[in-house]
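Let me begin by presenting the structure, written as structure tokens, before commenting on it.
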Amino acid sequence: MRCPHCETDVDEHPANRCLDAWVAEAAMGNPPLYQATKKENNEWGTTSIIGEPMSLSNCQELCERLDEGFVPDIRAGNAHYSTSIAAAWEVVEKLKNEYTDIDFDGEDWRVFFSTDTFAFAPDVKLAICHAALKAVL
Ligand SMILES: [Zn+2]
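Under this note's numbering, the residues of the sequence shown are numbered 16 to 152, in order.
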């Protein structure tokens, strides 16, 4: 299975904001995040997004910046599932069941959310994200 944003295979996907967005959408049940883009005909459309989040202090600033062509990134709300153990543990809490297991074999962390789907990686946060996606997709 491949990332809907960058088409990287799940087992090869590095820990980054793109993986965070995929986990948020597929495993955590958050709706896909899109950016608003102004098309040539001046109507608003939506496009799947990759990139670093931005923040805006208030609605007036947003309206002014939209008029200047600013493209907002509402993924700022996504937790850093692939790089923060606290956020990764939210994924474990969400998907845990009687088959859940996390162990270390001396080289890699192995994460199971079912008896037949698991992932392994040197970084436990990354293994959790990969295993979560494989469990739900
Ligand atoms: Zn991706």
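Even for Gly, the Cβ is constructed at its ideal location relative to N, Cα and C.
Exercise. Beta carbon of His28: closer than 7 Å to some heavy atom of ligand 1?
Worked result: By one-based count along the sequence shown, residue 28 stands at place 13. Checking every heavy atom of ligand 1 against the Cβ of His28, one is found closer than 7 Å.
Exercise. Leaving out five residues before and five after Glu58 in sequence, what residues of the same chain have Cβ atoms less than 6 Å from its Cβ?
Worked result: Residue 58 sits at position 43 when you count from the first residue of the sequence shown. Reliability of the predicted coordinates at Glu58 is poor, the pLDDT of 48 falling under 50, and the value obtained from them is presented with this limitation in mind. Taken in chain order, the list of residues that qualify is empty.
Problem set entry | Residue(s) in a DSSP beta bridge with Ala136 | On the sequence shown, position 121 is the one that residue 136 refers to. According to DSSP, which records beta bridges pairwise, Ala136 is partnered with Trp124.
Problem set entry | Boundaries (first-last residue) of the beta strand (DSSP E) holding Asp118 | Residue numbering aside, residue 118 sits at position 103 when the sequence shown is read from its first letter. Element bounds for Asp118: 116 to 119.
Exercise. When the Cα atoms are used, what is the spatial distance from Arg32 to Ile117?
Worked result: Position 17 of the sequence shown, counting from 1, holds the residue named residue 32. Position 102 of the sequence shown, counting from 1, holds the residue named residue 117. When rounded, the distance between both Cα atoms is 23 Å.
For this session: Starting from the C-beta of His28, find all residues in its chain whose C-beta is less than 6 Å away, skip the five residues before and the five after it, and write them out in chain order.
Result: Working through the sequence shown from its first residue, we reach residue 28 at position 13. Excluding positions up to five away in sequence, the list reads Cys18, Leu34.
Exercise. Relative to the alpha-carbon of Leu141, which residue among Asp26, Glu22, Asn112 has its alpha-carbon at the smallest distance?
Worked result: If you number the sequence shown from 1, residue 141 lands on position 126. Checked all of Asp26, Glu22, Asn112; the closest Cα to Leu141 is Asp26.
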